[in-house]
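Enquirer: According to the working numbering, the residues represented by the sequence shown are 26 to 159, in order.
Cβ coordinates follow ideal geometry from the N, Cα and C atoms, glycine included.
Below is the structure I would like to discuss, written out as structure tokens.
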Amino acid sequence: MEGAQGTGLDVDFGTYPYVTSSNPTTGGALIGTGIPFQHLKHVIGITKAYTTRVGEGPFPTELLGEAGEKLRQKGGEFGATTGRPRRCGWFDVEMLKHSVRINGITSIALTKIDILSDYDTIPVATGYKLNGKL
């Protein structure tokens with residue numbers, strides 16, 4: 026099974042109110058297909074080597090201006106149906122950890138790492154600060 030959206034857009038586990046009306050998680054897929062949980066042996070989480078988002082909502086690692094446009098162009102980050110540009114930013118380990126917990130991910134497929142080949146260094150978010158504290 027494959028979904029087109031990520032855990033961050035899930036109506037129950039995402040960044041409400043910036044979510045979709047469905048559950049693009051393992052739980053939602055199981056309910057939608059009628060497959061019992063005990064039959065699930067392996068969950069592969071698929072993620073890009075950088076983060077993207079369409080529309081409004083929080084995006085701690087977002088690249089603005091020329092830097093964001095460079096990554097968007099290099100990665101071809103435009104909606105397949107609408108052509109709408111996706112917001113682009115650095116990889117977010119905290120968001121990935123959240124997705125692993127919610128979905129029971131047992132392994133990860135990392136895509137689009139080649140898009141970052143021109144960068145000398147690749148920043149990665151490993152935590153968030155609020156009022157100066159991690």
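Straight-line CA distance for residue 52 to residue 65?
Expert: Near 11 Å, if we compare the C-alpha coordinates of residue 65 and residue 52.
Enquirer: Would you give the residue range spanned by the alpha helix (DSSP H) that residue 124 belongs to?
Expert: Segment 118-128, the alpha helix (DSSP H) holding residue 124.
Enquirer: In whole angstroms, what is the alpha-carbon distance linking residue 79 and residue 133?
Expert: C-alpha separation (whole angstroms): 23 Å.
Enquirer: Relative to the C-alpha of residue 49, which residue among 128, 119, 81 is closest?
Expert: Selected option, being the one with the closest Cα: 128.
Enquirer: Measuring only the C-alpha atoms, how far is residue 44 from residue 31?
Expert: Cα to Cα, the separation comes out at about 10 Å.
Enquirer: Quick one: using the 10 Å Cβ neighbour count with 16 as the cut-off for buried, is residue 142 buried or exposed?
Expert: So residue 142 ends up on the exposed side.
Enquirer: So, are the CB atoms of residue 76 and residue 87 less than 9 Å apart?
Expert: In contact: residue 76 and residue 87 (Cβ atoms closer than 9 Å).
Enquirer: Would residue 123 pass as a contact of residue 62 if the rule is Cβ separation under 9 Å?
Expert: No, Cβ-Cβ distance for residue 123 and residue 62 is not below 9 Å.
Enquirer: By alpha-carbon positions, which one of 69, 46, 34, 159 ends up nearest to residue 136?
Expert: The residue with the shortest Cα to Cα distance from residue 136 is 69.
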